[in-house]
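Here the sequence shown is numbered in this note's numbering, starting from 3 and rising by one per residue. Built from N, CA and C at the ideal position, the CB exists for glycine as well. To keep things clear, I will list the structure first and then write my remarks on it.
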Amino acid sequence: MLLGFSTLFAIRRGLSYALKRLQRGELRGARVCEVVDEGATRVDGRSARRVREVLDTLGLKLTVHAPFLDVNIASLSPSMRRASLRHLERSLQWTAKLEGETWVVHGGAFPHPKVRGEAFDRMVSSLRRLVRVAEDLGVRVALENSAYGDFQLLASASEALRAVEAVGSDHLGLCLDLGHANIARQLDEFLSSEALARVVHVHLHDNDGRRDLHLPPGRGLINWPRALGRLREGFHGPAVIEVERLVGDGGLSYVLRLAS
Numbered sequence: 003m004l005l006g007f008s009t010l011f012a013i014r015r016g017l018s019y020a021l022k023r024l025q026r027g028e029l030r031g032a033r034v035c036e037v038v039d040e041g042a043t044r045v046d047g048r049s050a051r052r053v054r055e056v057l058d059t060l061g062l063k064l065t066v067h068a069p070f071l072d073v074n075i076a077s078l079s080p081s082m083r084r085a086s087l088r089h090l091e092r093s094l095q096w097t098a099k100l101e102g103e104t105w106v107v108h109g110g111a112f113p114h115p116k117v118r119g120e121a122f123d124r125m126v127s128s129l130r131r132l133v134r135v136a137e138d139l140g141v142r143v144a145l146e147n148s149a150y151g152d153f154q155l156l157a158s159a160s161e162a163l164r165a166v167e168a169v170g171s172d173h174l175g176l177c178l179d180l181g182h183a184n185i186a187r188q189l190d191e192f193l194s195s196e197a198l199a200r201v202v203h204v205h206l207h208d209n210d211g212r213r214d215l216h217l218p219p220g221r222g223l224i225n226w227p228r229a230l231g232r233l234r235e236g237f238h239g240p241a242v243i244e245v246e247r248l249v250g251d252g253g254l255s256y257v258l259r260l261a262s
């Protein structure tokens, strides 16, 4: 695993804040940085140059998390879905300019259980379009599992795997979010050999099994020795800690110790 950090903790303060904390050596041991292209950490021409400079200096690999606020690639409204896709394609373009290897995207939500199947089909159609763009840009897409299956797609491992199979591209894999899987009671399923074979990116954070708290690993209910043991056996890509508040190193030293 290539362990690292997401800039989610800086989403209200900006990329410069996240980069300063990296430069000060607070996240010693990180080998990859996931830039969250949302809020105050949204990527633009000015911030992109700075990100590339700092990461090159520190020798860190880069991944990008797609925008997610008011974005829904599974929307039943064609105009809303088109707007989401335009917004996301812009993010893919920036990912390529930043030489990011992987781009993480959410699968979307549905308004009522009766239209879940229709929303799933819309999501697959949207993903096919995004993956075509990603292929042209040389970027890999990672589809993230969700926490709340009563209104979000991809809370279950079976549905996430079905989505990847339906798109049918080598440029699409899964982003395994362990915090979300814990809430959805799907940790064992997502850590199975079948699911891990499709995982290309991992989010590490903890919670109480009910709320999406984005706590540092070890501060909630996830059995981290077991989870990281499974990842060690079947996954060799980027795994980033995704916390809302960065206190100390956000649990990075804890994860490094368990993963060694």
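(1) Assign V117 to one of two classes, buried (16 or more other C-beta atoms within 10 Å of its C-beta) or exposed (fewer than that).
(2) At 4 residues or longer, and completely inside the region 163-238: list those alpha helix (DSSP H) runs for me, N to C.
(3) Could you spell out where the beta strand (DSSP E) holding H67 opens and where it closes?
(4) Are L297 and R52 close, meaning C-beta to C-beta below 9 Å?
(5) Work out the CA separation of E36 and G231 for me, nearest whole Å.
(6) Span of the beta strand (DSSP E) holding P80?
(7) Which residues in the same chain as P69 place their Cβ atom closer than 8 Å to its Cβ, once the five residues preceding and following it in sequence are excluded?
(8) Given this structure, state the Cα-to-Cα distance separating V169 from M125, to the nearest angstrom.
(9) Since L5 is in the beta strand (DSSP E), which residue starts that stretch and which ends it?
(10) Looking at the structure shown, is A12 part of a helix, part of a strand, or coil, going by DSSP?
(11) According to DSSP, which residues form a beta bridge with T59?
(12) Within the chosen definition, does the region 172-191 reach the region 201-221 through at least 3 CB pairs nearer than 8 Å?
(13) Along the chain, where does the alpha helix (DSSP H) containing V45 start, and where does it finish?
(14) What does a CB cutoff of less than 7 Å around S86 pick up in its chain, not counting 5 residues either side in sequence?
(15) Compute the distance between the beta-carbons of N209 and L189, then report whether it is under 9 Å.
(16) For T65, which option in G253, S255, V242 has the closest C-alpha, if you only look at C-alpha atoms?
(17) If you follow the beta strand (DSSP E) that A76 is part of, which residue opens it and which one closes it?
(18) At what residues does the beta strand (DSSP E) containing R142 begin and finish?
(19) Looking at the unbroken alpha helix (DSSP H) that takes in A20, where does it start and where does it end?
(20) Would L260 and P218 qualify as a contact pair, given that the criterion is a beta-carbon distance under 9 Å?
(21) Would you identify the three-state DSSP class for A111, choosing helix, strand or coil?
With the given structure in hand:
(1) With fewer than 16 Cβ atoms within 10 Å of its Cβ, V117 is classed as exposed.
(2) Correct list: 180-185, 189-192, 195-198, 226-236.
(3) 63-67 is the extent of the beta strand (DSSP E) around H67.
(4) Here the chain comprises residues numbered 3 to 262, so residue 297 is not present and cannot be evaluated.
(5) Rounded to whole angstroms, the gap between the alpha carbons of G231 and E36 is 22 Å.
(6) In the DSSP annotation of this structure, P80 is not part of any beta strand (DSSP E); the continuous alpha helix (DSSP H) holding it starts and ends at 80-99.
(7) Contacts found: D39, E40, R44, H89, L90, S93.
(8) Answer to the nearest angstrom: the Cα atoms are 10 Å apart.
(9) L5 -> beta strand (DSSP E) spans 4-8.
(10) In the three-state reduction of the DSSP assignment, A12 falls in the helix class, which pools H, G and I.
(11) Note: T59 sits in no beta bridge, so no partner.
(12) Touching, yes.
(13) Annotation: V45 is outside any alpha helix (DSSP H) and is labelled neither H nor E by DSSP.
(14) Excluding sequence neighbours, S86 sits near V73, N74, I75, S77.
(15) No; because the gap between Cβ atoms is not below 9 Å, this pair is not in contact.
(16) Among G253, S255, V242, the Cα nearest to that of T65 belongs to V242.
(17) For A76, there is no enclosing beta strand (DSSP E), since its DSSP letter is neither H nor E.
(18) Start and end: 142-146.
(19) Unbroken alpha helix (DSSP H) run through A20: 17-25.
(20) Result no, Cβ atoms of L260 and P218 do not sit closer than 9 Å.
(21) Strand, per DSSP.
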